[in-house]
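K.L.:
The structure that follows is given in the form of structure tokens.
Chains as they are written, first to last, in my numbering: chain A, 2 to 589; chain B, 25 to 283.
Structural data, given as structure tokens:
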């Protein structure tokens with residue numbers, strides 16, 4: 002029998018970026034907030050200090066900060082005709098675990114969606130006709146860029162984002178992204194300094210009439226104190242950012258930007274090693290009473306709460322909705338139901354470049370250190386006659402050059418042996434890879450559901466992922482990778498090897514941890530799981546955060562937008578929901 | 025089905041007990057990185073979750089002897105890794121760099137034991153895009169695969185072991201493993217083994233010397249990687265210039281320790 006705990010105003014399931022944002026916002030509003038985190042508490046000095054952080058084997062290849070599939074995995078398949086099997090080792094994506102979640106080992110690439118990304122379906126159909134979206138189940142967001150802008154800005158202030166505005170209060174600014182929506186303020190800190198590889202990209206792109214700018218980064222270009230009084234240091238370009246923690250307090254993360262403040266709040270409590278099994282509801286199913294969780298000793302608890310917020314990683318939020326029986330699970334055979342629908346990923350391509358006469362010193366890097374163009378992203382270019390919609394940003398990016406992962410050799414060189422060894426020795430300092438970071442649009446056959454065979458360690462059905470790249474996205478990948486290759490030639494590379502993403506999706510090679518959709522937001526229960534305040538249509542005191550809210554994934558790293566949506570949710574809870582607790586914020 | 029919840033809860037109980045004993049026995053020994061391997065549940069209010077003596081620094085491997093590999097396996101691996109990364113004036117061979125020691129310590133430890141693999145059943149072959157579907161830990165995988173490879177080699181080469189073959193024959197066998205053309209008895213394909221093996225060889229050659237390979241940082245020196253430096257601020261715009269920093273590892277300057 003589960004032991005009942007004292008009731009709180011808000012229980013958070015998971016304590017990464019969105020859990021920390023809600024905790025900060027709602028504690029400041031005087032609510033009692035409890036965060037339940039399935040794994041350990043982690044801190045900068047204990048877990049990724051500068052004295053031992055630069056360890057590629059341990060953090061990257063032995064998954065030191067990542068979700069351990071031994072205890073938490075899912076099953077995968079490309080289509081409904083296959084039998085899904087467990088992801089037995091990490092590969093394609095690397096979710097986090099523990100306090101801070103994937104916010105510890107992210108690159109800190111901070112993006113906003115384009116104005117047109119918010120009205121993807123209607124915009125593309127208006128410009129290119131209904132046939133342009135055929136075969137895709139994309140849909141518009143229930144809000145626009147302007148409504149979200151103040152919250153994007155809040156996240157930039159929390160992170161201290163480095164960058165240069167391209168559109169300040171409607172006026173185009175030199176040096177920034179000319180395609181972005183209007184910003185209410187410039188970035189809190191100036192752009193990072195480009196190393197040689199990104200500088201070559203910038204020069205080549207500018208010479209081709211494109212619009213390069215320095216990538217917005219949560220790797221700080223100078224010391225910064227955020228509005229909560231938390232101080233961050235200047236990035237040292239150590240090259241151990243992506244897949245690592247930052248020992249220097251230079252990367253925005255829950256640990257650097259929020260948690261030290263939250264933990265000073267008397268109305269906040271964090272319980273670690275406590276895994277939530279289920280959202281509990283009243284007999285009519287319309288109201289969440291709290292959650293059941295199990296602690297490290299195996300004891301079960303019932304945690305009552307006025308508000309339940311699912312703030313875990315996207316995959317776990319969808320799983321919790323399904324195992325709690327909330328909402329109607331999506332069925333691809335009938336098209337009915339929305340929980341698990343519109344699962345999307347990110348269509349990642351690249352172009353490998355090798356130089357004969359240029360030493361790039363690629364080990365000098367940072368998670369978001371890049372010159373980037375947005376000319377071929379979203380609908381920033383004319384898609385007439387191309388046969389696809391969507392696009393990608395193209396980045397001359399050097400995050401570092403950890404040698405197990407990044408000893409690339411030109412195509413045609415064997416993967417081992419003397420020829421390989423000599424090529425590695427020759428090209429290690431003289432290669433880089435352009436990133437082609439493409440959109441991922443929804444189609445009917447891609448979805449998340451419960452697996453009929455495999456159970457997790459608590460006896461619940463595992464989550465099952467059914468995914469393959471839509472034709473639309475593969476065409477996009479080919480087109481944008483060709484554009485990137487053109488820049489590579491202009492940079493003076495002796496070998497230019499385009500690697501457009503090809504299907505079928507494969508769980509083994511690392512691509513990106515940008516899993517999206519499954520709890521998408523929309524305008525009514527007929528098209529979505531939650532409303533624009535991330536509030537469940539079915540259970541009005543249940544909120545769901547994260548990239549699961551996206552009906553499709555634009556060509557950007559997801560954290561900026563999901564963080565902004567979370568600030569919007571916090572505002573709605575504070576200003577509207579508390580006046581009529583348990584009532585929908587949007588009429589169904 | 026894979027696990028029952030009763031078993032899972034018992035496992036968590038056991039781990040919690042083990043962690044508690046671990047804490048009293050040796051401060052600093054708690055594996056706090058992925059939570060589910062380790063500590064008891066904790067509650068934090070009004071405090072930063074930092075505790076003295078629990079810094080999660082890595083441990084170095086001890087030199088000398090073999091912890092997992094048997095003599096035949098050492099012979100096979102030494103010969104094979106030196107065809108994958110042969111000796112030449114560019115830099116050390118894999119075995120000179122300590123890669124076989126690295127493999128031994130990895131297979132004897134958490135990696136070899138499958139600490140980050142999901143290995144529960146039911147098992148099915150699946151399709152290639154579903155990735156690793158073996159029921160074996162990496163240690164079991166190596167043990168079975170090397171025995172099967174040596175059996176296939178012995179059959180084709182009049183009873184000889186892989187290590188006794190000429191280099192060009194070893195190369196052609198490795199190529200057959202890479203392509204999967206070398207047929208093995210048992211459930212492990214030569215291609216699946218080679219994929220894991222090549223990755224582990226690269227890990228051993230290029231990882232920090234504390235793990236047993238990359239002796240003296242020689243593989244880093246070969247390519248020009250300065251190692252575990254934490255600050256390159258003054259060289260960010262040193263375009264196309266060599267960076268005059270002394271390579272360092274997690275134990276400091278690489279020439280301070282050669283073990």
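Here a beta-carbon is modelled for each residue, glycine too, at the ideal position from N, C-alpha and C.
A quick note: this is a predicted structure, and the numbers were derived from the prediction, not measured.
#1: Using beta-carbon positions only, say whether residue 339(A) and residue 529(A) come within less than 7 Å of one another.
#2: Could you tell me whether the Cβ of residue 197(B) comes closer than 7 Å to any Cβ of chain A?
#3: Below 8 Å on the Cβ atoms is my contact criterion, and I expect residue 22(A) with residue 213(A) to pass it. Report the Cβ-Cβ distance as a whole number of Å.
#4: Taking CB distances under 7 Å as the criterion, tell me whether residue 389(A) reaches chain B.
#5: Would you please verify whether the beta carbon of residue 111(B) is less than 7 Å from any beta carbon of chain A?
#6: Let me see if you follow: with CB-CB separation under 7 Å, is residue 64(A) close to chain B or not?
#7: Exposed or buried, what is residue 79(A) when buried is set at 16 or more other beta-carbons lying within 10 Å of its beta-carbon?
#8: Which runs of the alpha helix (DSSP H) at least 4 residues long sit entirely within the segment 392–439 of chain A? Give them in chain order.
#9: Span of the alpha helix (DSSP H) holding residue 78(A)?
#10: With DSSP as the reference, label residue 550(A) as helix, strand or coil.
#11: In the DSSP assignment, find the beta strand (DSSP E) that holds residue 372(A) and state where it starts and stops.
#12: Output, in chain order, the set of chain B residues within a Cβ distance shorter than 7 Å of residue 534(A).
#13: Can you tell me the Cα-Cα spacing of residue 140(B) and residue 64(A), whole angstroms?
#14: If I measure Cβ to Cβ from residue 447(A) and keep anything under 6 Å in the same chain, skipping five residues before and after, which residues do I get?
#15: Evaluate residue 333(A) with the Cβ neighbour count: other Cβ atoms within 10 Å of its Cβ, from every protein chain shown; 16 or more gives buried, anything less gives exposed.
#16: For residue 137(B) and residue 410(A), I'd like the C-alpha separation in whole angstroms.
#17: Where does residue 151(B) fall in DSSP's three states?
#18: Hey, is residue 212(B)'s beta-carbon within less than 7 Å of any beta-carbon in chain A?
#19: Compare the Cα-Cα distances from residue 1(A) to each of 513(A), 535(A) and 584(A) and report the closest residue.
#20: With the cut-off set at 7 Å, would you say residue 170(B) and residue 227(B) are in Cβ contact?
#21: Does residue 45(B) come within less than 7 Å of chain A when only Cβ atoms are used?
#22: Considering just the uninterrupted stretch of the alpha helix (DSSP H) at residue 165(B), what are its terminal residues?
#23: Return the bridge partner residues of residue 67(B) from the DSSP annotation.
#24: Against residue 152(A), what residues of chain B qualify as contacts under a CB-to-CB distance less than 9 Å, listed in chain order?
#25: Please go through the same chain and pick out, in chain order, the residues whose beta-carbon is closer than 7 Å to the beta-carbon of residue 589(A), but skip the five residues on each side of it.
#26: Return the residue from the list 299(A), 156(A) and 361(A) that minimises the CA-CA distance to residue 266(B).
#27: Quick check on this structure: which residue in 179(B), 120(B), 165(B) and 71(B) has the alpha carbon closest to the alpha carbon of residue 242(B)?
#28: Please list the segments of the alpha helix (DSSP H) lying wholly inside the segment 177–228 of chain B, counting only runs of 4 or more residues, in order along the chain.
#29: Which chain B residues are close to residue 272(A), counting only those with a beta carbon under 7 Å from its beta carbon?
#30: Leaving out five residues before and five after residue 213(B) in sequence, what residues of the same chain have Cβ atoms less than 7 Å from its Cβ?
#31: Residue 399(A) to residue 240(A), Cα distance in whole Å?
#32: Which of the three DSSP states is assigned to residue 487(A) in this structure?
#33: Going along the chain, which residues of its own chain have a beta-carbon closer than 6 Å to the beta-carbon of residue 259(A), five neighbours each way excluded?
#34: What residue ranges within the segment 299–386 of chain A form continuous beta strand (DSSP E) runs of no fewer than 3 residues, ordered along the chain?
#35: Establish whether the CB of residue 538(A) and some CB of chain B are separated by less than 7 Å.
#36: From which residue to which residue does the beta strand (DSSP E) around residue 124(A) run?
P.N.:
Well, looking at it:
#1: Start at 1 with the first residue of the first chain, and residue 339(A) comes out as number 338. Start at 1 with the first residue of the first chain, and residue 529(A) comes out as number 528. In contact: residue 339(A) and residue 529(A) (Cβ atoms closer than 7 Å).
#2: For the purposes of this step, residue 197(B) is taken as the residue at position 173 of the second chain. No - not a single Cβ of chain A is within 7 Å of the one on residue 197(B).
#3: Start at 1 with the first residue of the first chain, and residue 22(A) comes out as number 21. Start at 1 with the first residue of the first chain, and residue 213(A) comes out as number 212. Here residue 22(A) is actually not in contact with residue 213(A); their C-beta atoms are around 31 Å apart, not less than 8 Å.
#4: Mapped onto the first chain, residue 389(A) falls at position 388. With 7 Å as the cut-off, residue 389(A) does not count as an interface residue toward chain B.
#5: Sequence index remark: in the second chain, residue 111(B) carries index 87 (1-based). Chain A contact via Cβ: absent.
#6: As a working mapping, residue 64(A) is identified with position 63 in the first chain. With its beta carbon less than 7 Å from one in chain B, residue 64(A) belongs to the interface.
#7: Taking the first residue of the first chain as 1, we reach residue 79(A) at position 78. Using a 10 angstroms sphere on the CB of residue 79(A), the tally of other CB atoms reaches 16 or more, which defines it as buried.
#8: List check, alpha helix (DSSP H) in window: 404–407 and 419–428.
#9: Counting from one through the first chain, the residue named residue 78(A) turns up at place 77. Premise fails: residue 78(A) lies in the beta strand (DSSP E), 75–78, not in any alpha helix (DSSP H).
#10: Here residue 550(A) refers to the residue found at position 549 of the first chain. Residue 550(A) falls in the helix class under three-state DSSP.
#11: Indexing the first chain from 1 puts residue 372(A) at position 371. Per DSSP, residue 372(A) belongs to the beta strand (DSSP E) from 371–374.
#12: Within the first chain, residue 534(A) is the residue found at index 533, counting from 1. Those within 7 Å of residue 534(A) in chain B number zero; the least Cβ separation is about 29 Å.
#13: Against the second chain, residue 140(B) aligns to sequence position 116. Against the first chain, residue 64(A) aligns to sequence position 63. Taking the straight line from one Cα to the other gives about 8 Å.
#14: Taking the first chain and counting its residues from 1, the one referred to as residue 447(A) is at position 446. Contacts found: 344 and 468.
#15: Indexing the first chain from 1 puts residue 333(A) at position 332. Label assigned to residue 333(A): buried.
#16: Reading the second chain from its first residue, position 113 is the one you call residue 137(B). Reading the first chain from its first residue, position 409 is the one you call residue 410(A). Approximately 32 Å between the Cα atoms of the pair.
#17: Here residue 151(B) refers to the residue found at position 127 when the second chain is read from its first residue. When secondary structure is reduced to three states using DSSP, residue 151(B) falls in the coil class, being assigned neither helix nor strand.
#18: Sequence index remark: in the second chain, residue 212(B) carries index 188 (1-based). Residue 212(B) does not count as touching chain A.
#19: Lying before the first or after the last residue shown, residue 1(A) is absent from chain A, which here runs from 2 to 589.
#20: Numbered from 1 along the second chain, position 146 holds the residue referred to as residue 170(B). Numbered from 1 along the second chain, position 203 holds the residue referred to as residue 227(B). No, the Cβ-Cβ distance between residue 170(B) and residue 227(B) is not below 7 Å.
#21: For the purposes of this step, residue 45(B) is identified with residue 21 of the second chain, where counting begins at 1. For residue 45(B), the predicted model reports a pLDDT of 29, less than 50, meaning its position is unreliable and no value from the coordinates is stated.
#22: Mapped onto the second chain, residue 165(B) falls at position 141. That run of the alpha helix (DSSP H) goes 162–180.
#23: If you number the second chain from 1, residue 67(B) lands on position 43. 272(A), per the DSSP bridge assignment.
#24: On the first chain, residue 152(A) is found 151 positions in, with the first residue counted as 1. Simply none; closest approach about 27 Å.
#25: For the purposes of this step, residue 589(A) is taken as the residue at position 588 of the first chain. Within the same chain, 525, 526 and 538 come within 7 Å of residue 589(A) by CB-CB distance, once the 5 residues on both sides are set aside.
#26: Your numbering for residue 266(B) matches position 242 in the second chain. Nearest of 299(A), 156(A) and 361(A) to residue 266(B), Cα basis: 361(A).
#27: Counting from 1 along the second chain, the entry for residue 242(B) is found at position 218. Selected option, being the one with the closest Cα: 120(B).
#28: Taking 4 residues as the shortest admissible run, the segment 177–228 of chain B contains the following complete alpha helix (DSSP H) segments, listed from N- to C-terminal end: 191–203.
#29: What you label residue 272(A) is simply residue 271 of the first chain in a count that begins at 1. Neighbours of residue 272(A) on chain B, chain order: 65 and 67.
#30: Here residue 213(B) refers to the residue found at position 189 of the second chain. If the five residues before and after residue 213(B) are omitted, its C-beta is found closer than 7 Å to the C-beta atoms of 204, all from its own chain and listed in chain order.
#31: Within the first chain, the letter at position 398 stands for residue 399(A). Within the first chain, the letter at position 239 stands for residue 240(A). Annotation: residue 399(A) to residue 240(A) spans about 8 Å, alpha carbon to alpha carbon.
#32: Locating residue 487(A) in the first chain gives position 486, counting from the first residue. Looking at residue 487(A) - three-state DSSP - the assignment turns out to be helix.
#33: Residue mapping note: residue 259(A) aligns to position 258 of the first chain, counting from 1. Counting only residues of its own chain and dropping the five nearest sequence neighbours on each side, residue 259(A) has a CB closer than 6 Å to the CB of 21 and 25.
#34: Fully enclosed beta strand (DSSP E) runs of 3 or longer: 301–311, 348–355 and 371–374.
#35: Taking the first residue of the first chain as 1, we reach residue 538(A) at position 537. Taking Cβ atoms only, chain B never reaches closer than 7 Å to residue 538(A), which makes this a no.
#36: Numbered from its first residue, the first chain carries residue 124(A) at position 123. Element bounds for residue 124(A): not the beta strand (DSSP E) but the alpha helix (DSSP H), 121–129.
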